[in-house]
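Read the structure below first, then the notes.
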Ligand code: SF4
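Residue numbers (our numbering): 19 to 817.
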């Protein structure tokens, strides 16, 4: 066979692309005939022509910040159209995007779906599978789990999920099965590349989420979308940004790419990747050196006046309390003392003769390193651009910042969110209308938050692991555990793991071969599925009973179409497996029964809940819901150790990171590696997909039909590349081949690839072949390493 392929290449009978597309395909052997495979089509064929359209509601449960309520138009057991569903209390908010409107095409096409339990019959990666029965699949899994437990202990079984379906049962079933079995589960934000923002936010705010409802920008004079592409990745909220601009606010987008949001903004600032902390520090320095910072806000609400010991960099404490210098009494007093007038500058002597200073001194000192000139050089911007930005941010009061996920996918991933939020604090914009430094979906801050500040749903029974310890490891440990042979059984649910994780060559060649048995549950054939031993057919959110909690609403997923093949929900699959391994007593409900149980909360907010109405309308609004624009930290209360907005983190003193800092990229274009690979390669999220979930839907193909690499005209010309050329993007880890998209709308020295495309859609290779996963000790100390998908150097050549 190998000889034949080589001969064909020599004879030019097949192109390399044809060959790769061939091996990229999945070969499946179904034992049922066409009628079985195409059951949904047979169902439709039998439907009466004049059958009326039924409306069945669902919630879009992909990992997009919008979380839209959808209305399926169903006829003959098929979804024939999708339109936006209502949001009670918010007439302005219904939304559905191109992705969800065309999703039905993919989910109802049997060619795309895993229809039956499939067992690998070829080599891993070959894509050869044969159909088996559910009974056989369950027997294999149960035997492997019990064997793993007996030989190595239950923890040698890993249960890994990402965010392919965020509905309650779909997202949590795999983890719950792992927990009830006593296996290892994972906090996956790190490997996914979403954890830098959470770490940065937690350092300064004491919580990982918080921000301003986008409608609050009607109160803003200036709005900065800092690495946030609202137009493509939070479509339901773009309308409010446009309205705020019509209301007179200036909109600035800071992004290495001229994103769709930049296209509708007043100004695009093409910053170099990873330099966001330097820009924030430069802006702080501009303000502090011109006395434009909000001293009153800093004194009242931040750690700025808290005294720090010169000898060890820890906060000074008096009788266990943080301490300040009081100008009124000319003495050191406990923080919060009535009538005290704290200072944020100067040097003082403490009770035991220890010298100390307000923590703001450290921040100002760090910021002072970033003059306009230095900042402009680091960020790749003109000095007047930095100066104008700093001046407008300080003086167009109030100014709001919305931060996006892209800027945290770098090696020092916690730094950008921490520094930008600190900038907002220095300006006194935190907790004020029209201000803030918000984390992606600003609406995440809408109160009440179940389980946080109001009683939760009735999740008690679902949370019960039956006494088994709930072992959740950092996802940053996953690669090492695989490499060390510590994982004997791996269940991958709601995740195209290989496609969405860094360094695919390492994963495929070095890591997965050390895992003896892999189960993958997914509605679709994926890159990950090709490397699994068993692929089980999951259901989509249009085929299951489930809920998605998006306070103040709860949205319902319910079956809208006939079951595709023999697919089952993640919860049904876990339930069936649990019954075979002696855990049936913990998995004793159908999906619908679980959903009904969740909604039996005794909280007064649920008093008006009615199941039939819920099914009919697909959404329930809590009676204690707040539907007006809200924003976080209005009360100026922070869950940090000091209870203040905390830009000075004493536990990070030992690592030299006590205040926000800027560090160069791990893969530095101006370092040694940059001589070989001079281009910074970033990865962005596009309007056509949420991760790998919406690629190549027939309707979306009209917009984009293949991956492209965006490259600046200057860089393209230097390499003899013109628009549409086939190019190779490569570094020492691997490569991908795709078309070049030559444009002015990306800063020189940077190239960009859209997230989500899979190897079948590239001419060759994948974006993940060039990425890396490098453990960051500082991030491990704080929490866990975040994947640095945008801290990658490459070269590009025409092929
Ligand atoms: S992909 Fe996002 S914007 Fe589109 S319907 Fe789903 S949740 Fe809404």
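Built from N, CA and C at the ideal position, the CB exists for glycine as well.
{"Query": "Continuous beta strand (DSSP E) assignments of at least 3 residues falling wholly in the stretch 293-354", "Result": "325-327, 339-344, 349-352"}
{"Query": "Contact test: residue 115 Cβ vs ligand 1 heavy atom, cutoff 7 Å", "Result": "yes"}
{"Query": "Residue 847 - containing alpha helix (DSSP H), residue span", "Result": "Given a span of 19 to 817 for the chain in the structure shown, any question on residue 847 remains unanswerable."}
{"Query": "Identity of the residue in 443, 402, 108 nearest residue 647 by Cα", "Result": "108"}
{"Query": "Local Cβ density within 10 Å of residue 135, reported as buried at 16 or more and exposed below that", "Result": "buried"}
{"Query": "Exposure label - residue 673; buried when at least 16 CB within 10 Å", "Result": "exposed"}
{"Query": "Backbone CA spacing between residue 809 and residue 612 [nearest angstrom]", "Result": "43 Å"}
{"Query": "Residue burial classification, residue 424 (beta-carbon count within 10 angstroms, cutoff 16)", "Result": "buried"}
{"Query": "Three CB pairs or more closer than 8 Å across the stretch 166-180 and the stretch 507-523", "Result": "yes"}
{"Query": "Proximity winner among 525, 367, 214, relative to residue 295 (alpha-carbon distances)", "Result": "214"}
{"Query": "3-residue-minimum beta strand (DSSP E) runs that sit fully inside the stretch 164-251, ordered along the chain", "Result": "175-179, 202-205, 240-244"}
{"Query": "Contact test: residue 372 Cβ vs ligand 1 heavy atom, cutoff 7 Å", "Result": "no"}
{"Query": "Cβ separation of residue 563 and residue 584, assumed to be a contact under 8 Å, to the nearest whole Å", "Result": "Wrong, their Cβ atoms sit about 18 Å apart, outside the cutoff."}
{"Query": "Delimiting residues of the alpha helix (DSSP H) encompassing residue 746", "Result": "Looking at the DSSP string, residue 746 is not in any alpha helix (DSSP H); the run it does join, the beta strand (DSSP E), is 744-749."}
{"Query": "Ligand 1 heavy atom lying under 7 Å from the CB of residue 118", "Result": "yes"}
{"Query": "Inter-residue spacing [alpha-carbon to alpha-carbon] between residue 223 and residue 254", "Result": "26 Å"}
{"Query": "Coil, strand or helix - residue 589 by DSSP", "Result": "helix"}
{"Query": "Rounded C-alpha distance that separates residue 801 from residue 793", "Result": "12 Å"}
{"Query": "Segment contact flag, the stretch 766-775 with the stretch 724-737, C-beta cutoff 8 Å, min 3 pairs", "Result": "yes"}
{"Query": "Any non-hydrogen atom of ligand 1 closer than 7 Å to residue 633 Cβ", "Result": "no"}
{"Query": "8 Å contact criterion, which residue 7 and residue 219 should meet: CB distance rounded", "Result": "Residue coverage of the chain in this structure runs from 19 to 817, which leaves residue 7 outside it and unanswerable."}
{"Query": "Same chain only: Cβ atoms within 8 Å of residue 723, ignoring 5 sequence neighbours per side", "Result": "714"}
{"Query": "Terminal residues of the alpha helix (DSSP H) in which residue 108 lies", "Result": "Element bounds for residue 108: n/a, residue is neither H nor E."}
{"Query": "Beta carbon of residue 235 nearer than 8 Å to that of residue 94", "Result": "no"}
{"Query": "Residues bridged to residue 490 (per DSSP)", "Result": "203"}
{"Query": "Residues of its chain near residue 695, where Cβ-Cβ distance is below 6 Å and the 5 sequence neighbours each way are ignored", "Result": "749, 811, 812, 813"}
{"Query": "The stretch 673-683 contacting the stretch 372-383, beta-carbon criterion three pairs below 8 Å", "Result": "yes"}
{"Query": "Beta-ladder partner(s) of residue 818, from DSSP", "Result": "Because the chain spans 19 through 817 in this model, residue 818 falls outside it and cannot be assessed."}
{"Query": "Any non-hydrogen atom of ligand 1 within 7 Å of residue 108 CB", "Result": "no"}
{"Query": "Inter-stretch contact (C-beta, 8 Å, three-pair minimum) for the stretch 584-601 and the stretch 147-161", "Result": "yes"}
{"Query": "Selection from 120, 590, 126 that minimises the alpha carbon distance to residue 721", "Result": "120"}
{"Query": "Per-residue burial, residue 98 [other beta carbons within 10 Å of its own, 16 or more giving buried]", "Result": "exposed"}
{"Query": "Burial state of residue 373, where buried means 16 or more other Cβ atoms lie within 10 Å", "Result": "exposed"}
{"Query": "Where the alpha helix (DSSP H) through residue 728 begins and ends", "Result": "Counting along the chain, residue 728 falls outside any alpha helix (DSSP H), though it belongs to the beta strand (DSSP E) covering 726-730."}
{"Query": "Nearest neighbour of residue 384, chosen from 765, 302, 230, 271 [CA to CA]", "Result": "302"}
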